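These protein sequence lines map, in sequence, to chains R and C.
If you read the first sequence in our numbering, its first letter stands for residue 12, the second for the next number, and so on.
If you read the second sequence in our numbering, its first letter stands for residue 225, the second for the next number, and so on.
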Amino acid sequence: MICTSCKKAEAVVFIKQLVDNQVSEAALCAACAAKAHVPLNPVNPLSALLQLLAKPGSPRPRAPTEARCLGCGTSWTDFRATGRLGCARCYDRFAPLLRQLLPRIHGGAYAHRGKSSRPPAGGG
Amino acid sequence: MILQGMLRSTMGWTRPEGPYHEVVLASRVRLARNLSAAPFPGRAQPAALRRVRDQVFAAARRTCLKDAAYLQVDALDSVDRRLLAERHLISPALAQSRGPGGAVIDSRECLNLMINEEDHLRLAALAPGLDLRRAAREADALDDDLTRNLDFAFRPDWGYLTACPTNLGTGLRASALVHLPGLGLAGLINKLLENLPRVGLIARGLYGEGTKVMGDFFQISNATGLGRTDAELVAAVEKAVEEVAHREQDCRQKLAAGAQRARLEDTVYRAAGCLTSARLLAFAEACHHLSALRMGLSLGWPVPGDFGTINELMILAQPAHLAMRSGKAVTAEEQAVLRAALVRERLGAK
């Protein structure tokens, strides 16, 4: 959905108000929401991740030339722009950076404790 | 439009059953999975995604979903796609995508797969009322069956690998679709929503990420899925939603017994009057009034309809459902006429 204020950017904040039996709704992009003094929902995981990745202190590759995943060609810059990795091998390629990042987006957690995937038994 | 049959099928999760069903419409557990051999959908070529869809369809046919409906979303017209999104069977994003998406849907619409949205596979199980453990059991069993024939991307240290690292780990999201008009009227809803992150939870609109709040309906779910077991995540959401349900019930009773009773009665009966008499109804207005009617029902007041009817109307009164009923594309004004007629008919009005 496009921002109802600037009519350009993607809306990320939705406001619904009911005043005198009139439903008033606004869908604002991050920039317009900031101008309107509407706090961004700090817990939308993707928004929070993108905000974190945009910060100067966020993890960055040290290599002078940009590292790319050998499986799909995704770079860390691509990831910072979209918040999405390109394939399972990205997790190996960017493991040192992700190791710094994961606890910051998972409330301090850094290791899987859930269900294990078993190798395919075939046939079954 | 090839999915007309869905208009006649009952969505198992809209039944007024299960614990706290007056507040919690439905419980849903979804698992995000990717195949290890293919790039994630955002990076993959259409041919690779078609292969992923074929593999998932083949694997699903060897599970309890063997008799389910298998749909290639890109082969459907826009009304069919939107119908699936309105029934929460695919996401609004997949409904708009031109890529080779897929959906596998069981006859009760309580177990389904969404293929090639942000991840290769999103497996979901739904149950009416607050029953996340049941939904989790069904999702887990289907996941086990699929794992026999699909090689999911997984690392022992980080769990199931997903396109967005926020879904990494269990890939599990346990969510409850809750109706909170009492907390809304009492002015406590924002405080509640603000407190959710402190216990690792998040609130979303009716259709998930970034969607609008309609008629005081919210989805409450875990914010992340790394560092805790599947059972711990499910139990945490269930406990928190149970607490929210208690507070909502308490609020409703206090509002009905207190000085604001006349105002509350006016809201509920005005909604009943509007829904049973209006000739033009926008969806947002219908949601707003159905929400009030639902609250009146929970207080035992003599209002038209029942929980099952209202739950279903929340789905059936949406634009694609109305277009499907009329068999053709309809304008916004025609939709409003059709919606008003449908609501009057279902609520037993003339």
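Glycine included, C-beta positions come from ideal geometry on N, C-alpha and C.
All of these numbers come straight from a predicted model, not from anything done at the bench.
What does residue i reach in chain R if we use C-beta pairs closer than 8 Å?
{"i": "S260 (chain C)", "result": "A99"}
{"i": "R452 (chain C)", "result": "A120, R124, G125"}
{"i": "R267 (chain C)", "result": "C83, G84, T85, G97, C98"}
{"i": "P405 (chain C)", "result": "Correct list: empty, because the minimum Cβ distance to chain R is about 11 Å."}
{"i": "P263 (chain C)", "result": "G82, C83, G97, C98"}
{"i": "L396 (chain C)", "result": "G125"}
{"i": "G532 (chain C)", "result": "Per Cβ cutoff of 8 Å: no residues; G532 (chain C) is ~26 Å from chain R at best."}
Based on the DSSP output, what are the partners of residue i in its beta bridges?
{"i": "E21 (chain R)", "result": "R:I13"}
{"i": "P352 (chain C)", "result": "C:A250"}
{"i": "H403 (chain C)", "result": "C:F441"}
{"i": "Q111 (chain R)", "result": "DSSP, once it has assigned bridges, lists no residue as partnering Q111 (chain R)."}
{"i": "L255 (chain C)", "result": "C:L347, C:L396"}
{"i": "Y384 (chain C)", "result": "C:F378, C:G393"}
{"i": "L425 (chain C)", "result": "C:N446"}
{"i": "R79 (chain R)", "result": "R:S86"}
Name, please, each residue of chain C whose Cβ falls closer than 9 Å to the Cβ of residue i.
{"i": "I13 (chain R)", "result": "Going along chain C, no residue has its Cβ under 9 Å from I13 (chain R), so there is no contact; the nearest lies around 12 Å."}
{"i": "L60 (chain R)", "result": "C388, P389, T390"}
Only counting the same chain, and skipping five residues up and downstream in sequence, which positions put a Cβ closer than 8 Å to that of residue i?
{"i": "A486 (chain C)", "result": "none"}
{"i": "T287 (chain C)", "result": "L366, D369, L370"}
{"i": "C388 (chain C)", "result": "E342"}
{"i": "L289 (chain C)", "result": "V328, D330, L335, L337, L366"}
{"i": "L147 (chain R)", "result": "Residue 147 (chain R) lies beyond the range of chain R shown here (12 to 135); nothing can be said about it."}
{"i": "G451 (chain C)", "result": "G393"}
{"i": "L60 (chain R)", "result": "G94, I116"}
{"i": "A469 (chain C)", "result": "Y244, V247, V248, L354, V402"}
{"i": "G326 (chain C)", "result": "R277, V280, F281, Y294, L295, Q296, V297, L337, M338, I339, N340"}
Residue i touches chain C at which residues, Cβ-Cβ below 7 Å?
{"i": "L39 (chain R)", "result": "By Cβ distance, chain C contributes nothing, its closest Cβ being about 12 Å from L39 (chain R), past 7 Å."}
So, with DSSP's three-state summary, where would you put residue i?
{"i": "S128 (chain R)", "result": "coil"}
{"i": "R452 (chain C)", "result": "coil"}
{"i": "F90 (chain R)", "result": "helix"}
{"i": "F105 (chain R)", "result": "coil"}
{"i": "M338 (chain C)", "result": "strand"}
{"i": "P56 (chain R)", "result": "helix"}
{"i": "V561 (chain C)", "result": "helix"}
{"i": "G242 (chain C)", "result": "coil"}
{"i": "I226 (chain C)", "result": "coil"}
{"i": "N446 (chain C)", "result": "strand"}
{"i": "V554 (chain C)", "result": "coil"}
{"i": "A293 (chain C)", "result": "strand"}
{"i": "H123 (chain R)", "result": "coil"}
{"i": "L300 (chain C)", "result": "coil"}
{"i": "L51 (chain R)", "result": "For L51 (chain R), the predicted model reports a pLDDT of 37, less than 50, meaning its position is unreliable; a value from the coordinates is still stated below. Residue state, collapsed to three classes: coil."}
{"i": "F376 (chain C)", "result": "strand"}
{"i": "A261 (chain C)", "result": "coil"}
{"i": "G408 (chain C)", "result": "helix"}
{"i": "I413 (chain C)", "result": "helix"}
{"i": "G118 (chain R)", "result": "coil"}
{"i": "V567 (chain C)", "result": "helix"}
{"i": "V527 (chain C)", "result": "coil"}
{"i": "I329 (chain C)", "result": "strand"}
{"i": "R100 (chain R)", "result": "coil"}
{"i": "I534 (chain C)", "result": "helix"}
{"i": "T287 (chain C)", "result": "coil"}
{"i": "P72 (chain R)", "result": "coil"}
Grab me the residues of residue i's own chain with a C-beta within less than 6 Å of its C-beta, minus the 5 sequence neighbours each way, in chain order.
{"i": "S515 (chain C)", "result": "P405, G439, D440"}
{"i": "V554 (chain C)", "result": "A547"}
{"i": "R91 (chain R)", "result": "L64"}
{"i": "P75 (chain R)", "result": "Only weak support is given to the placement of P75 (chain R): the predicted model assigns it a pLDDT of 49, under 50, and the value that follows is read from those uncertain coordinates. Nothing meets the Cβ criterion."}
Along chain R, which residues have their Cβ under 7 Å away from the Cβ of residue i?
{"i": "R379 (chain C)", "result": "Y102"}
{"i": "W237 (chain C)", "result": "By Cβ distance, chain R contributes nothing, its closest Cβ being about 24 Å from W237 (chain C), past 7 Å."}
{"i": "W382 (chain C)", "result": "Y102, H123"}
{"i": "L385 (chain C)", "result": "A99, Y102"}
{"i": "G325 (chain C)", "result": "Within 7 Å Cβ-Cβ: nothing; G325 (chain C) doesn't reach chain R, min ~17 Å."}
{"i": "G411 (chain C)", "result": "Here the premise fails: no neighbours, minimum Cβ distance about 12 Å."}
Output, in chain order, the set of chain R residues within a Cβ distance shorter than 9 Å of residue i.
{"i": "D301 (chain C)", "result": "Under the 9 Å cutoff, chain R gives no residues; its nearest Cβ is about 22 Å from D301 (chain C)."}
{"i": "A282 (chain C)", "result": "Residues of chain R passing the Cβ test: none, with the nearest at roughly 13 Å."}
{"i": "G424 (chain C)", "result": "G118"}
{"i": "G572 (chain C)", "result": "Correct list: empty, because the minimum Cβ distance to chain R is about 25 Å."}
Within the same chain, show all residues whose beta-carbon is closer than 7 Å to that of residue i, passing over the 5 residues directly before and after it, in chain order.
{"i": "A544 (chain C)", "result": "V303, R306, L307, E310"}
{"i": "L425 (chain C)", "result": "I444, S445, N446, A447, V461, A464"}
{"i": "P50 (chain R)", "result": "Here the model assigns P50 (chain R) a pLDDT of 38, short of 50, so the residue's position is not dependable, and the following value carries that caveat. Hits under 7 Å: none found."}
Any heavy atom of the ligand GTP closer than 8 Å to the beta-carbon of residue i?
{"i": "L347 (chain C)", "result": "For the structure depicted, the ligand GTP is absent and the ligand set is empty, with no information on it obtainable."}
Taking beta-carbon pairs under 8 Å, can you tell me which members of the segment 108–130 of chain R lie near chain C?
Within the segment 108–130 of chain R, the qualifying residues are L109, L112, L113, I116, H117, G118, G119, A120, Y121, A122, H123, R124, G125, K126, S127, S128, R129, P130.
According to a CB-to-CB cut-off of less than 8 Å, which residues of the segment 80–98 of chain R neighbour chain C?
Of all residues in the segment 80–98 of chain R, only G82, C83, G84, T85, T93, G94, R95, L96, G97, C98 place a beta-carbon less than 8 Å from a beta-carbon of chain C.
Check distances from the C-beta atoms of the segment 474–496 of chain C to those of chain R and list, in chain order, the residues that come in under 7 Å.
Per Cβ criterion, the list is empty.
Short-range partners of chain R found in the segment 348–376 of chain C, where Cβ spacing is below 9 Å:
Taking 9 Å as the cut-off between beta carbons, the residues of the segment 348–376 of chain C near chain R are D364, D367, D368, D369, T371, R372, N373, L374, D375, F376, in sequence order.
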